[in-house]
Amino acid sequence: MTKIPRPSRTARVLLPAAVAGALLSGCAQADEAPAAAPGRSAGTAPAVTVTPPPSAGTAEPGTQGGAKPAAGTLLVSDFGSDTVTFVDPARGATGSVEVGTAPYGLALGEDGRAWVATAEGVAVVDTDARRRLALVPYRTDTGPVTTGEYRGGGMGIALSPDGTRVYVGVNVPGGNGTLEVIDTASVEVVDVVDVGRRPFDVDVSRDGSAVYATNHDSFDVTVVDADSLDARRVEVAPYGTEGGLGSWLKPHYTAVRPSDGKLLLPFEGERLAVVDPATGRVEIEDMTANTHQHGAAVTADGTLYAVGTGPIDPGEDRGPSLTVRSPGGRERVYPLDGPHEDVAVSKDGRTAYVTGGFTRDGHWDGISVVDLGSGEVKRLAAGSRPLGVVVF
């Protein structure tokens, strides 16, 4: 296990919430220079352009009334509103569908249905017709429907590989959350499993035999057997659990490595926790971005994409970025402008789409489109505080 010294660890763990919030929400204005990509000096950041949104009320021709979204179209969840928004990555938003309060994660099935975790329930969206088909209420009591970072309701969400089950992590303010299981044929909740606090992310093994709920506020991943629904807790805390709920050094999102099914959890642009879900063993590898990290995704070849939201301590940490890590551990860090939350990758692997919604203050209403070859970054207005993102 690699040990990485961190002189400011105590300050990071024990910062009062108000001070820490001010630091992180202000990270886009920090004076710290962004991390330089390998082969590029710190002073040669990629080009950034801004594309304005289309006029209000307009929609791309041919997208209404049953037209299948074109390949490469994006769908984002609008955490700052009650909609999901369709996005042409070249031109911006092309229309939205009302789904429910403060949508968080979303999953897209091969049948064209999108499943969206909202504060009210899981919305089912026909993406061809661009309309909501159903809103599946949670069995878990999450209290009043609210908005904001700590709102109750669905957070992470994932589909089983065969498309028969949807798994959604449900946050219960002030307590442990649950994993609710939805049958996609009957469109109703069929099982509920207890998990940890604030299940930011939900992932499924490639063979569908296990489900993983990444629980931010309890420093762990709940490993759930998809058949028996037996659950095991695996602590993932490479910095320890000092500070409890006041700590910044918690797990956020997980990617399942295709080659061996291990779980990849980036921390602080410094440490990558590699978790064997079968044994619970956690190994630590070095990372290089030195920034607070949230969203994570992995492509079929094992390349990891990790979103850096910005510095916890602007005096020591670097700004927002996207880390692209090869299966062998080599990293390229793409500087970004302002906080971001989650990431998806184009089918050809040439472009990454990073949502600017961010769970905390400091978000913006759009996505960064990153050309992974040239390093050029285009900021595209899209949606309202977009968090989750999928590519058609």
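Just so you know, we're using my numbering here: the sequence shown kicks off at 767 and counts up by one. Cβ atoms here follow ideal geometry from the backbone N, Cα and C, with glycine treated the same way.
Give the secondary structure of Thr1127 by DSSP, where H, G and I count as helix, E and B as strand, and everything else as coil. The sequence shown places Asp at residue 1127, rather than the Thr named in the question. Collapsing the DSSP output to three states places Asp1127 in coil.
Do you know whose CA, among Ser1112, Arg896 and Asp1103, lies nearest Trp1130's CA? Ranking Ser1112, Arg896 and Asp1103 by Cα distance to Trp1130 puts Asp1103 first.
Should Thr893 and Ala880 be called a contact, given that it needs their Cβ atoms to be closer than 8 Å? yes
Within 10 angstroms of the Cβ of Pro1086, are there 16 or more other Cβ atoms? Answer buried if so, exposed if not. buried
DSSP state of Ser984, grouped into three classes? In this structure, Ser984 counts as helix in the three-state DSSP scheme.
Through-space distance from Asn942 to Pro965, alpha-carbon basis: 9 Å
Backbone CA spacing between Tyr1119 and Val1041 [nearest angstrom]: 26 Å
Assuming Ala1059 contacts Pro1093 under a Cβ cut-off of 8 Å, what Cβ separation, rounded to an integer in Å, is found between them? Note that residue 1059 is Gln in the sequence shown, not Ala. Actually they are not in contact, since the Cβ atoms of Gln1059 and Pro1093 sit about 19 Å apart, beyond 8 Å.
What's the gap between the Cα of Gly1009 and the Cα of Gly962? Their Cα atoms are separated by approximately 17 Å.
Mapping the DSSP letters down to three states, classify Leu1138 as helix, strand or coil. Of the three classes helix, strand and coil, the one that applies to Leu1138 here is coil, per DSSP.
Give me, in chain order, the residues of the same chain whose beta-carbon lies closer than 7 Å to that of Asp928; leave out the 5 immediate sequence neighbours on both sides. Gly974
Nearest residue (CA-CA) to Leu1011, options His982, Ala895, Ala1063 and Ser952: His982
Own chain partners of Gly922 with C-beta closer than 6 Å, once the 5 adjacent residues on each side are dropped: In the same chain as Gly922, and ignoring 5 residues on each side of it, the C-beta atoms closer than 6 Å to its own belong to Gly871, Gly935, Pro965, Phe966, Asp967 and Val968, in chain order.
Going along the chain, which residues of its own chain have a beta-carbon closer than 6 Å to the beta-carbon of Glu1097, five neighbours each way excluded? Thr1054, Thr1089 and Arg1091
What did DSSP end up calling Leu1015 once you bin it into helix, strand or coil? Collapsing the DSSP output to three states places Leu1015 in coil.
Give a yes or no on whether the C-beta atoms belonging to Glu886 and Gly914 are separated by under 8 Å. no
Let's test the definition: count the other Cβ atoms within 10 Å of the Cβ of Ser862 and tell me whether it reaches 16, buried, or not, exposed. buried
Where does Glu1034 land, buried or exposed, given buried means 16+ other C-beta within 10 angstroms? buried
According to DSSP, Arg905 sits in a beta bridge with which residue or residues? In DSSP, Arg905 forms no bridge with anything.
Span separating the alpha-carbon of Leu995 from that of Ile1078: Roughly 37 Å separates the two Cα atoms.
Straight-line gap, Gly1025 to Val1157 (C-alpha atoms, nearest Å): Sequence check: residue 1025 is Ser here, not Gly. Answer to the nearest angstrom: the Cα atoms are 22 Å apart.
Where Gly1122 and Gly846 are concerned, what is the direct C-alpha to C-alpha distance, given to the nearest angstrom? The alpha-carbon atoms of Gly1122 and Gly846 are separated by roughly 11 Å.
Delimiting residues of the beta strand (DSSP E) encompassing Pro1101: Glu1097 to Pro1101
Can you give the Cα-Cα distance for Ala1147 and Thr1045, rounded to whole angstroms? 44 Å
Consider the C-beta atom of Val1002 and the heavy atoms of the ligand GTP; say whether any pair is separated by less than 7 Å. Looking for the ligand GTP in the displayed structure turns up nothing, as the structure carries no ligands at all.
For Val890 versus Gly1154, is the C-beta distance shorter than 8 Å? It is not a contact, given that the beta carbons lie outside the stated cut-off.
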